[in-house]
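Heads up, the thing below is written out as structure tokens.
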């Protein structure tokens, strides 16, 4: 019986999970640097050990109401596959690091592959394409996200460009301050 580990978190009182393999770290909510003219779900960027990391509000991305920040609000820093759209010229484009806002982070759980149900076609508040399946843990269901599918290739490119542009302007600013 094969099991996989998933990090569970909440959004709008629903429990979600992502594969721990993609999770780099979990941070307490922190101030964001807002970048003008970005999509509504892209809330800003943070600096993690010298790297610029874009932060996405999954509530906004999923069409849920925005929530007040609390002491439990967390940023889940994940590596997303920046693969393409399946075209002939797609190659391995590596990964993009993104922070995702969550209402709260719960725990790491082991879920047996046999206890993962196919994604529902009706009755979820988010697009079914984003759902890998429903995991059963004890007597509760956990919505298992396919986090790579949550963002289209174009969106990831825009997010990566934002991080790169912001990093470049930050480096120029630091260089100017040293002179």
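In my numbering, the protein residues as written are 231 to 409.
Note that CB positions come from ideal geometry on N, CA and C, so glycine has one too.
Keep in mind the model is a prediction, meaning the values are calculated, not measured.
Quiz prompt | CA-to-CA distance, residue 296 to residue 277, given in whole angstroms | solution = On the chain shown, position 47 is the one that residue 277 refers to. On the chain shown, position 66 is the one that residue 296 refers to. When rounded, the distance between both Cα atoms is 23 angstroms.
Quiz item: What residues in its chain sit with their C-beta under 8 angstroms from that of residue 232, if we drop five residues either side in the sequence?
Solution: Locating residue 232 in the chain shown gives position 2, counting from the first residue. Same-chain partners within the cutoff: 342, 343.
Exercise. For the alpha helix (DSSP H) holding residue 411, just list the boundary residues, first then last.
Key: In this structure the chain extends from 231 to 409, so residue 411 is not present and cannot be described.
Quiz item: So, helix, strand or coil for residue 364, using DSSP?
Solution: What you label residue 364 is simply residue 134 of the chain shown in a count that begins at 1. Strand.
Quiz item: What is the DSSP secondary structure of residue 273, counted as helix, strand or coil?
Solution: The sequence position of residue 273 within the chain shown is 43, counting from 1. Residue 273 falls in the strand class under three-state DSSP.
Self-check item: 6 angstroms Cβ shell around residue 349 - same chain, five flanking residues per side excluded
Solution: Counting from one through the chain shown, the residue named residue 349 turns up at place 119. These residues qualify, in order along the chain: 358, 361, 363.
Quiz item: Run through DSSP, which three-state label would residue 288 get?
Solution: Translated into positions along the chain shown, residue 288 becomes position 58. Here residue 288 sits in helix by DSSP.
Practice problem: Tell me whether residue 343 sits in a helix, a strand or coil according to DSSP, three-state version. | Solution: Within the chain shown, numbered from 1, the residue matching residue 343 stands at position 113. Residue state, collapsed to three classes: helix.
Self-check item: Alpha carbon of residue 317 to alpha carbon of residue 301, nearest angstrom
Solution: Residue mapping note: residue 317 aligns to position 87 of the chain shown, counting from 1. Residue mapping note: residue 301 aligns to position 71 of the chain shown, counting from 1. Residue confidence for residue 317 is low, a pLDDT of 37 falling below 50, so the modelled location carries little weight; the figure read from the coordinates is stated next. Roughly 43 angstroms separates the two Cα atoms.
Quiz item: Applying the criterion that 16 or more other CB atoms from any shown protein chain within 10 Å of the CB defines a buried residue, is residue 266 buried or exposed?
Solution: As a working mapping, residue 266 is identified with position 36 in the chain shown. Residue 266 comes out exposed.
Quiz item: For residue 307, which beta-bridge partners are listed by DSSP?
Solution: The residue given as residue 307 occupies position 77 in the chain shown. DSSP, once it has assigned bridges, lists 255, 329 as partnering residue 307.
Quiz item: Just how far apart, CA to CA, sit residue 325 and residue 255?
Solution: By 1-based counting over the chain shown, the position of residue 325 is 95. By 1-based counting over the chain shown, the position of residue 255 is 25. In a straight line, the C-alpha of residue 325 is about 15 angstroms away from that of residue 255.
Practice problem: Note down the Cα distance separating residue 238 from residue 298, rounded to an integer number of angstroms. | Solution: In the chain shown, residue 238 corresponds to position 8, counting from 1. In the chain shown, residue 298 corresponds to position 68, counting from 1. Whole-angstrom Cα-Cα distance: 20 angstroms.
Quiz item: What span of residues does the beta strand (DSSP E) with residue 237 cover, start to end?
Solution: The count along the chain shown starts at 1 and reaches residue 237 at position 7. First-last of the beta strand (DSSP E) with residue 237: 233-241.
Quiz item: Which residues in the same chain have their Cβ closer than 6 angstroms to the Cβ of residue 283, if we skip the five residues on either side of it in sequence?
Solution: By 1-based counting over the chain shown, the position of residue 283 is 53. The answer, listed in chain order, is 276, 327, 329.
Quiz item: Roughly how many angstroms lie between the CA atoms of residue 339 and residue 236, to the nearest whole one?
Solution: Start at 1 with the first residue of the chain shown, and residue 339 comes out as number 109. Start at 1 with the first residue of the chain shown, and residue 236 comes out as number 6. Near 5 angstroms, if we compare the C-alpha coordinates of residue 236 and residue 339.
Quiz prompt | Best match in 374, 356, 304 for proximity to residue 248 [C-alpha to C-alpha] | solution = Reading the chain shown from its first residue, position 18 is the one you call residue 248. Checking every option, the nearest Cα to that of residue 248 belongs to 374.
Exercise. Rank 365, 335, 240, 273 by C-alpha distance to the C-alpha of residue 347 and give the top, closest one.
Key: Position 117 of the chain shown, counting from 1, holds the residue named residue 347. Considering only alpha carbons, the answer is 365.
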